[in-house]
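Q: This structure is in C-alpha cells; I'll ask about it shortly.
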Amino acid sequence: MSPRPGTFGLLVLLSTACAAKTGSMETSGSMSQTSVPLAIVDVSVIPMDTDRVLDGQTVIIRGDLIAAIGDSAKVSLPEDAVRIDGRGKFLIPGLIDAHVHAESTASLALFVAHGVTTIRNMVGSATHLAWREQTKRGALFGPSIITAGELIDGGVAWNGTELVENGVDADRVISAQRRRGYDFVKFYQQLTPQAFEAVVLSAKAHGFELAGHVPDRVGLEKVLAARVSSIEHLTGYLEFIEADDSPGKGKLDRASRIGRADHVDPSKIELAAKLTAASGVWNCVTLVNSYRKVPPTEIEVFQKAPVMHYVAPLLAASWDPGRDFRTRMAPPEFWKSLRAGDRVRAQLVNALYKAGAPLVVGTDMANPFVVPGESVHLELEHLVAAGLTPFDALAAATSRSGEFLHGAGESGAGEFGTVSEGRRADLILVRGNPLVDITNTRKIDGVFLRGQWLPRRELDRRLSELEASFTQKHTPPVLAASPGERSLLYSLRFNDRPFATERVQLGADHLRSKLVTDGPDAVSFETHVGLDDAHDPTKVEVSRDSAFLSAKLYAQRASTGFAVRTNAPFGEGAEHALRDLPLAPASRAMAGNIMAGMIVMLPKFIGLKVGESRVFEVNALELNPEAEVGAATWSVERKADEAADRSFEVEVKGRNWHESRTAKVDQQGEITEATFDILIATITAKRE
Numbered sequence: 018m019s020p021r022p023g024t025f026g027l028l029v030l031l032s033t034a035c036a037a038k039t040g041s042m043e044t045s046g047s048m049s050q051t052s053v054p055l056a057i058v059d060v061s062v063i064p065m066d067t068d069r070v071l072d073g074q075t076v077i078i079r080g081d082l083i084a085a086i087g088d089s090a091k092v093s094l095p096e097d098a099v100r101i102d103g104r105g106k107f108l109i110p111g112l113i114d115a116h117v118h119a120e121s122t123a124s125l126a127l128f129v130a131h132g133v134t135t136i137r138n139m140v141g142s143a144t145h146l147a148w149r150e151q152t153k154r155g156a157l158f159g160p161s162i163i164t165a166g167e168l169i170d171g172g173v174a175w176n177g178t179e180l181v182e183n184g185v186d187a188d189r190v191i192s193a194q195r196r197r198g199y200d201f202v203k204f205y206q207q208l209t210p211q212a213f214e215a216v217v218l219s220a221k222a223h224g225f226e227l228a229g230h231v232p233d234r235v236g237l238e239k240v241l242a243a244r245v246s247s248i249e250h251l252t253g254y255l256e257f258i259e260a261d262d263s264p265g266k267g268k269l270d271r272a273s274r275i276g277r278a279d280h281v282d283p284s285k286i287e288l289a290a291k292l293t294a295a296s297g298v299w300n301c302v303t304l305v306n307s308y309r310k311v312p313p314t315e316i317e318v319f320q321k322a323p324v325m326h327y328v329a330p331l332l333a334a335s336w337d338p339g340r341d342f343r344t345r346m347a348p349p350e351f352w353k354s355l356r357a358g359d360r361v362r363a364q365l366v367n368a369l370y371k372a373g374a375p376l377v378v379g380t381d382m383a384n385p386f387v388v389p390g391e392s393v394h395l396e397l398e399h400l401v402a403a404g405l406t407p408f409d410a411l412a413a414a415t416s417r418s419g420e421f422l423h424g425a426g427e428s429g430a431g432e433f434g435t436v437s438e439g440r441r442a443d444l445i446l447v448r449g450n451p452l453v454d455i456t457n458t459r460k461i462d463g464v465f466l467r468g469q470w471l472p473r474r475e476l477d478r479r480l481s482e483l484e485a486s487f488t489q490k491h492t493p494p495v496l497a498a499s500p501g502e503r504s505l506l507y508s509l510r511f512n513d514r515p516f517a518t519e520r521v522q523l524g525a526d527h528l529r530s531k532l533v534t535d536g537p538d539a540v541s542f543e544t545h546v547g548l549d550d551a552h553d554p555t556k557v558e559v560s561r562d563s564a565f566l567s568a569k570l571y572a573q574r575a576s577t578g579f580a581v582r583t584n585a586p587f588g589e590g591a592e593h594a595l596r597d598l599p600l601a602p603a604s605r606a607m608a609g610n611i612m613a614g615m616i617v618m619l620p621k622f623i624g625l626k627v628g629e630s631r632v633f634e635v636n637a638l639e640l641n642p643e644a645e646v647g648a649a650t651w652s653v654e655r656k657a658d659e660a661a662d663r664s665f666e667v668e669v670k671g672r673n674w675h676e677s678r679t680a681k682v683d684q685q686g687e688i689t690e691a692t693f694d695i696l697i698a699t700i701t702a703k704r705e
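Counting in the working numbering, the sequence shown runs from 18 upward without gaps.
What follows is the structure, encoded as C-alpha cells:
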C-alpha cells in the first residue's frame, strides 16, 4: 500500500478531516447523464454470467442502466436513440479493480481510459468520500468508488494508521468510520490476536465487511475462521505453506521473511486451498504488484513505457526503489527471493482456483509501476498464466467482483459486473473476443461509464488533456509583508521533482505561511501562528483549500489546554467548538506547513552543540481525522557542520505517525535546506 494523499510530512494532517465542497464542478472533467437513449447495434455480447457469446445483439441504454438486450432483428430502436455500430466488436462488463490506493484525480481518469469503471480503495480519507460522491453525481470523471477508512493496525507501518489494542479501541475506531460513511474496514498485519478478534466483532456489530492482511501473530487459519470478506496479496499463505524445517519458521525478522518462498512444503499448498474454499473467504491476489517490484537496475523499461506519460507526476516520482523504505536497502537475495515468491504465488493461485476458492482481481495500484487501469489488464494475463481460463480470469474482474462487492456500501455495489438488463451501464466495447485471447481486453473501442458513452477518440482526448495538466505549475504564493517581518521562500521537491512552494513571513510574535502545490489537484495551505516570548505558539490558525475539500482549524492556548475549533468533518455543517484538550508536559504546540513547523521549533534546538542531542515533548495539533492535541516527540541531534551551516537530524514521532528530517541552518539562524523522509519518498525544501 501507499500513504494516503495529502500527508507530505505536514504536521496538521488535513487530508482526513476536510469538509467536502458541495458545488458542482463544471470542468472539462465533469460528466452528465445523456437524456437520449443509446443503442449498440449488431454487437457480440459477452454477458459474463456464463461462458458464452451472444452474437448479433442490440443493447439499449437509458440513463445509467441497461434497459434492453435482444436480437438485433427483433429489437425496436427508440426513435431518438443514438446508434453505436457494434459490428465486429464485443461488449463486456466494465472492469473492476478491487485493490487500489487512489491518490489523485489523474489516476481516476486513467482507470476509465483503460476500461476500469469501479474501484475498491483500500485506505481512505475525506478526500475519497468526496471523490465517491462526485463521481457518482458525474461531477468528477472517474470510476465508481468503494472505499475503506483509515487503516487499522497494531503498530505504525504507515503514517495515519488507526491503532487498536483492545475492544474499546476497536469500537471507537470502527464506529467513527461508520459515522463518516466508509464502506468497509481494512485491517493490517501487526494486530495482536486479541486486537484482531476485537476488530472482527466490532466490524460485524457495525455492519462492516472486513478485508486486509493476515496479521503475523494471528495466522491464516484464524483469519479464515473469522470469515472475513477478503485476504489481500495472499498474505499469510507463505507462512502457512512454509516447510516445518525452514530456518525462518515462525520468525518475523526481515531475513526470515525474505527466505520463506525458498522453503515451501508443496503438500501444504493444496491444504491451504481446501481450507480457503471451505471458508468462503475471497482472495484478492494482486500478482502484478509483486511482478512490478524490481531492483533499480531494471526499472528503465517501465519508466519508458508510453503509459507513463499519463501517470500523475508525484505518483511516478514515488516509484524509486532506491527511496522506498521497503526496498532502499534491499540486499541482492531480496530480489532473488521475490522472484521465487512470484512462482510460489502463481502455484497458490492455481491451487485456489482448482479448489473453487473465490478470486477477485486487484492490483495494489499506487505501488511501483502498478499503473492505474493498465495494471488490471496485466493482472488478467498473470491469472491466465497461473492456470485460469480467460473466462474465469475475466469473471474475477467483472461478474465475480460484482458478486464480491455486493452490499459493500452506498457506491452501487451489486448493481454491476454483468451485461444484463437492469444493471448499471458500465461496459467496454472491445475489438476482439477476450474469451479467446485475454489480451483483447486492451483493445478498447470505447467505454460506457454509468451510461455515458466515451468513444476511443474521447478517451484519447481526455488522455491528452491529462498529460497537458501535468505541466500546470503553481504561482509562488504571495503574503503581504508587515513591518519587521522576515520573508523566506522555499521551493519543495518530491524525490527531486519540483511540486510546491512555501512562503514564510516571520515576525517577533507570529509566523505566517502559505504553501501551494502544482496541478492537477492543486492544494493551498495557510498557517498563522501567534508566538510568545519563548517562541511557543499561543494560537494557531490553519486552512486547507482545493477543488474538492476545504478545512479550517483554530487553536487558542488557555490555562488548562488548547481550545480547538474546526469546521465539522465531512461537510456536516458550520464550524463548532470542540472540547478543551490538555497540554503536553512541555506546554508547547506545533502546527503548520512543511517549513512553518520546522521554523516554529528551530529556536528550541538551534543552540545545541555538535554531538549534543535533546528530546522535546510537544503538542501536535492534528486533524486525524478529528481535531486533537496528540503528544509528539522531537529527538534532535546536532551533527558536524557543513561548510558554514549548522546541521541537525530530527526524528519526529506522534501517536500514529513518524518522520525523519534534517535541517541546515546558516549563520543568520535561518533554515537553508530541510529534508523530510515520508517512507516512500523524500521531500526536500530549499530556500530561494
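In this text, a Cβ means the ideal position worked out from N, Cα and C, and glycines have one as well.
Provide the residue(s) that pair with S124 in DSSP beta bridges, ordered along the chain.
A: Bridge partners of S124: none, in fact.
Q: Mind checking K310: buried by the 16 CB within 10 Å criterion, or exposed?
A: buried
Q: Please report how far the alpha carbon of P537 lies from the alpha carbon of S576, in whole angstroms.
A: 43 Å
Q: Just confirm the distance between the C-beta atoms of L566 and T178, as a whole number of angstroms; I'd bet it's less than 8 Å.
A: About 21 Å; that fails the 8 Å criterion.
Q: Can you check whether the CB of I445 is closer than 8 Å to the CB of G80?
A: no
Q: Buried or exposed, going by whether 16 or more other CB atoms sit within 10 Å of the CB of Q74?
A: With 16 or more Cβ atoms within 10 Å of its Cβ, Q74 is classed as buried.
Q: Taking all protein chains shown into account, decide if K321 is buried (16 or more other Cβ within 10 angstroms of its Cβ) or exposed.
A: With fewer than 16 neighbouring CB atoms inside 10 Å of its own CB, K321 falls in the exposed class.
Q: Output needed for R69: all residues of its chain with C-beta closer than 7 Å, excluding positions within five of it in sequence on either side, in chain order.
A: none
Q: Does the separation of the CB atoms of V202 and L241 fall below 8 Å?
A: no
Q: Return helix, strand or coil for H145, following the three-state DSSP convention.
A: helix
Q: Going by other Cβ atoms of all chains shown within 10 Å of its Cβ, with 16 needed for buried, is N183 buried or exposed?
A: exposed
Q: Using a 10 Å radius around the Cβ and a threshold of 16 neighbouring Cβ atoms, would you call F342 buried or exposed?
A: By the neighbour-count rule (16 or more Cβ atoms within 10 Å), F342 is not buried but exposed.
Q: So is G172 buried or exposed if we call it buried at 16+ other beta carbons inside 10 Å?
A: exposed
Q: Where do the ends of the alpha helix (DSSP H) carrying Q194 lie?
A: G184 to R197
Q: Per DSSP, which one or two residues make a beta bridge with P110?
A: L444
Q: Sort E676, R672 and A661 by Cα distance to Q684 and report the nearest one.
A: A661
Q: Could you check the C-alpha separation between G267 and R561 for me, to the nearest Å?
A: 46 Å
Q: Look up Q74 in the DSSP assignment and give the residues it is bridged to.
A: V60 and D88
Q: Could you please give me the residues that DSSP links to T152 through a beta bridge?
A: Per DSSP, none; premise fails for T152.
Q: Given a threshold of 16 other Cβ atoms within 10 Å of its Cβ, counted over all protein chains shown, does T699 qualify as buried or as exposed?
A: Buried: at least 16 other Cβ atoms inside 10 Å.
Q: Given that a residue counts as buried once 16 or more other Cβ atoms are within 10 Å of its Cβ, and exposed if not, what is A222?
A: exposed
Q: Assign E43 to one of two classes, buried (16 or more other C-beta atoms within 10 Å of its C-beta) or exposed (fewer than that).
A: Residue placement at E43 is flagged as unreliable, the pLDDT there being 32, under the threshold of 50; a coordinate-derived value is accordingly withheld.
Q: Should S428 be labelled buried (16 or more other beta-carbon atoms within 10 Å of its own) or exposed?
A: Residue confidence is low: S428 scores 44 on pLDDT, short of 50, so the model does not pin down where it sits. Its coordinate-derived value is still stated next. Buried: at least 16 other Cβ atoms inside 10 Å.
Q: Would V653 and V667 qualify as a contact pair, given that the criterion is a beta-carbon distance under 8 Å?
A: yes
Q: Say whether the region 296-316 touches the region 276-286, bearing in mind that this needs 3 or more beta-carbon pairs closer than 8 Å, one atom from each stretch.
A: no
Q: In angstroms, rounded to a whole number, what distance separates the CA positions of R704 and L369?
A: 55 Å
Q: In angstroms, rounded to a whole number, what distance separates the CA positions of M325 and A243?
A: 40 Å
Q: Secondary structure at N457, three-state DSSP: helix, strand or coil?
A: Residue state, collapsed to three classes: helix.
Q: CB-CB under 8 Å to G87, same chain, minus the five flanking residues each way: which ones, in chain order?
A: Contacts found: Q74 and T75.
Q: Distance check for G224 and M612, CA to CA, integer angstroms please.
A: 42 Å
Q: What do you get for T135, buried or exposed, if any count of 16 or more other CB atoms within 10 angstroms of its CB means buried?
A: buried
Q: Tell me where the alpha helix (DSSP H) around T293 begins and ends.
A: In the DSSP annotation of this structure, the continuous segment of the alpha helix (DSSP H) that includes T293 starts and ends at P283 to S296.
Q: Hey, would you say V377 sits closer than 8 Å to S247, going by beta carbons?
A: yes
Q: In terms of residues, what are the limits of the alpha helix (DSSP H) holding P472?
A: DSSP places P472 outside any alpha helix (DSSP H); the residue lies instead in the beta strand (DSSP E), whose first and last residues are Q469 to P472.
Q: When you compare the CB positions of V231 and G253, do they come within less than 8 Å of one another, or not?
A: Contact: yes.
Q: Using a Cβ-Cβ cutoff of less than 6 Å, which residues in the same chain neighbour T555 once the five nearest sequence positions on both sides are dropped?
A: Within the same chain, T555 has close Cβ partners G547, D549 and R574.
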